[in-house]
Amino acid sequence: MSKLTKRMEKLALLAGGSFKTVHDRLRIAGRLSQHLHKLNIQIQDLQHLKSSHIESYVMTRREAGITPRTLQNEMAALRTILAKYGHQKFVQSERIRKKAYG
0 MSKLTKRMEK LALLAGGSFK TVHDRLRIAG RLSQHLHKLN IQIQDLQHLK SSHIESYVMT
60 RREAGITPRT LQNEMAALRT ILAKYGHQKF VQSERIRKKA YG
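Residue numbers for the sequence shown follow numbering that gives the first Met the number 0, so the first one is 0 and each next one is one higher.
Dropping the structure here:
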C-alpha cells in the first residue's frame, strides 16, 4: 500500500460519518490511488495531486459506465477527503464540482 493510499484512508476515517459513509470513502480513495498507480503517476503526498489527475479518474469511471449520480457521489467523497487535508482550492474548483460531471 502506497503512502498516498494510507494518507487518503486516514483522512477518510478522520472525516467522520456513519460506518457506511466512511467505508465508501475508503473504497473511493483506494480506487483513485489504484488509478494513479496504473497510469504510473508517482505521487506520495496529496499536496502533489492535480486537477488533471482527478479529471483522468473521472473519465476512466465514465468509460466504465458509471451513472452520473454515482460519479457525483464519488466526487463528493473525494472533495471531503481533500477538504480534510486542507486543499480548499480543490473543494471550490470549478473543474471538479458535482455539476461538471452530472
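Beta carbons: idealized from backbone N, C-alpha and C, even for Gly.
What residue does the alpha helix (DSSP H) around residue i start on, and which one ends it?
i     : result
Leu55 : Rather than Leu, the amino acid found at residue 55 in this sequence is Ser. It spans 50–62 - the alpha helix (DSSP H) in which Ser55 sits, taken as one unbroken run.
Ile65 : Neither: Ile65 is in no alpha helix (DSSP H) and is coded neither H nor E.
Gly29 : 18–37
Ala14 : Element bounds for Ala14: n/a, residue is neither H nor E.
Taking the beta carbon of residue i as the centre, do at least 16 other beta carbons fall within 10 Å, making it buried, or is it exposed?
i     : result
Thr79 : buried
Arg68 : exposed
Leu38 : exposed
Arg60 : buried
Do residue i and residue j have their C-beta atoms closer together than 8 Å?
i     : j     : result
Leu48 : Arg6  : no
Ala14 : Lys83 : yes
Ile40 : His52 : yes
Ala76 : Arg24 : yes
Between which residues of its own chain and residue i is the CB-CB distance below 6 Å, once the five residues before and five after are set aside?
i     : result
Glu73 : Ile27
Glu8  : Leu25, Ala28
Tell me, please, whether the CB atom of residue i is closer than 8 Å to any CB atom in chain C?
i     : result
Thr20 : No chain C appears in the structure shown, which is made up of a single protein chain.
Excluding five sequence neighbours on each side, which residues of the same chain lie with their C-beta closer than 8 Å to the C-beta of residue i?
i     : result
Ser92 : Ser50
Ser1  : Ser32, His36, Gln43
Starting from the C-beta of residue i, find all residues in its chain whose C-beta is less than 7 Å away, skip the five residues before and the five after it, and write them out in chain order.
i     : result
Val21 : Ala11, Leu12
ask   = How about the region 32–40 and the region 49–61: do they share at least three Cβ pairs that are nearer than 8 Å?
value = yes
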